[in-house]
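Residue numbers (my numbering): -16 to 378.
The structure appears right after this line, and notes come after that.
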Amino acid sequence: MQVKVLHVITGLNVGGAEAMLARLLDHERSRGGVRAQVATLMPQGVVGRQMAASGVVVHQLGMRGLISAVPAALRLARLIGKERPDVVVAWMHHAQLASTLAVLLAQTRTPVVWNVRHSLGGFEREKWLTRLILKLQVRISRMPTAIIYNSRAAAAQYSALGFAPVREHVIPNGLIVPPAQSRTAASETVRSLFGIPPHAIVIGMIARAHPMKDVGTLLCAFSKVQAAGVAAHLLLVGEGMDHLDRGEAQLLAALPKGSWTISGHRTDVGEWLAGIDTLALSSAWGEGFPNIVGEAMAQGVPCVGTDVGDTGWIIGTTGRTVPPRNPAALAEALIELARMEPEERMALGEAARRRVEEHFTLDHVAVRYGELYRDVANARTRVADTNHASTCEAA
């Protein structure tokens, strides 16, 4: 049975949810069994253009702000009525609300699955519109046929917020484990690419610049790493990292000259990620399943992350997990890994790679998505058959 799936997402710029959707679509196309299209509320962005170039049908619904949200939902309703998908999978809060409304307007009884992609540790820090949407979602959370959470932490937090326990599924992000690289060659590549001294321990953070990532805590921690006399180099890469806010820029400027490198968004991260010595993630809230942690582990890089979302569970014993907003604890963990013998640090990285292979591969995760699609679609068919039988009996 081939399942027809419409994925609805808020936007398709660079981000963890967008990257996971792109990987899932690529995998499903190569395996068959799922016929998928994508609808984005906002303009398609970088990831959307990549999807379209690879052959995915991407519908743009034209939402550019609050005023255009209702017309976008109406366009989505027409799209659902025209395409008649077996399942609508809604990624992120705006898309979940729009999809639930659109199915009602389309009068198709198409099952909707909410796909929740981040945790709620900083609910009060969310934008006012996101907070409003979440409050609305609590009231209508029995309407979706199922809810997917990409972390156990998020499932618990949304349940505490008031989300109904309707067919709750925790499906982590799926990762592609690349062929093992020579760590020596990768290390030389990253040092050559960013002008990093050959003797320095490279601590990298690859993330978009956003308050939830709490770059300031990492900068404070790195100043303590420097004060401890560790020969380390901080590498910050990601969208907006080259335009930090005023406070973060001041912290960066206070670090010793030549001890850090900063870059904006890059498309070649996978080519050099294996060359850093430690990946750091200093998020204060909002993480569900941080892709970059899993991707670094898959490349054999040990990670130090804050205990937000499922970060600690993902890392396990293959790295270190510290409390959020605690520069001293983060510095202590970074110093510990930096002072390890190279062989000891490499052993941690190899353990990290094995953990990804055992728990977080895209193959395993895609199977779980496929099973859920079919379960939801079959349940819809059974309900339709029951309704038809009741009508015949009444006649």
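Glycine included, every Cβ here is placed at the ideal spot set by N, Cα and C.
Subject >> CB contact flag (P180, G(-1), <8 Å) >> reply: no
Subject >> Best match in L80, L7, G271 and W97 for proximity to L345 [C-alpha to C-alpha] >> reply: L7
Subject >> CB contact flag (A136, D260, <8 Å) >> reply: no
Original post:
Hey, V96 and V121: beta-carbon distance below 8 Å or not?
Top reply: no
Subject >> Per-residue burial, A372 [other beta carbons within 10 Å of its own, 16 or more giving buried] >> reply: Per-residue confidence for A372 stands at a pLDDT of 42, beneath the threshold of 50, marking its modelled position as unreliable; the derived number appears in the next sentence. Flag for A372 reads exposed.
**OP:** Name the residue from V220, L202, L262 and V348 whose alpha carbon lies nearest to the alpha carbon of P386.
**Re:** Not covered by the structure: residue 386. The range shown for the chain is -16 to 378.
Subject >> Which residues DSSP lists as bridging A73, in chain order >> reply: V(-9) and W97
Subject >> Stretch pair the stretch 143 to 153 + the stretch 228 to 235: three plus CB contacts closer than 8 Å >> reply: no
Subject >> Cβ contact (3+ pairs, closer than 8 Å) linking the stretch 84 to 99 and the stretch 23 to 35 >> reply: no
Original post:
How about the stretch 294 to 304 and the stretch 325 to 342: do they share at least three Cβ pairs that are nearer than 8 Å?
Top reply: yes
**OP:** Given a cut-off of 8 Å, decide if A314 and A204 are closer than it, judged by their beta-carbon atoms.
**Re:** yes
Original post:
Contact between the stretch 210 to 229 and the stretch 185 to 199: three or more CB pairs below 8 Å?
Top reply: yes
**OP:** Inspect the CB distances between the stretch 278 to 296 and the stretch 107 to 123 and report whether three or more fall short of 8 Å.
**Re:** no
Original post:
Name the DSSP bridge partner or partners of V213?
Top reply: V213 pairs with nothing; no bridge assigned.
Original post:
Among all the DSSP beta bridges, which residues are the ones paired with T289?
Top reply: V305
**OP:** Go to R14, then tell me how far its alpha helix (DSSP H) extends in each direction, as first and last residue.
**Re:** G(-1) to R14
**OP:** Whole angstroms is fine: what's the gap from V185's alpha carbon to H248's?
**Re:** 19 Å
Original post:
Is the CB-CB distance between M224 and S246 below 8 Å?
Top reply: yes
**OP:** Report yes if the C-beta distance between M126 and I(-8) is below 8 Å; otherwise report no.
**Re:** no
Subject >> Limits of the alpha helix (DSSP H) - the one that S175 falls within >> reply: R166 to F177
Original post:
Expressed to the nearest angstrom, what Euclidean distance is found between the alpha-carbon atoms of I123 and D290?
Top reply: 30 Å
Subject >> Rounded separation between L234 and G178 - CA only >> reply: 21 Å
Subject >> Helix, strand or coil at Q140 according to DSSP, with G and I counted as helix >> reply: helix
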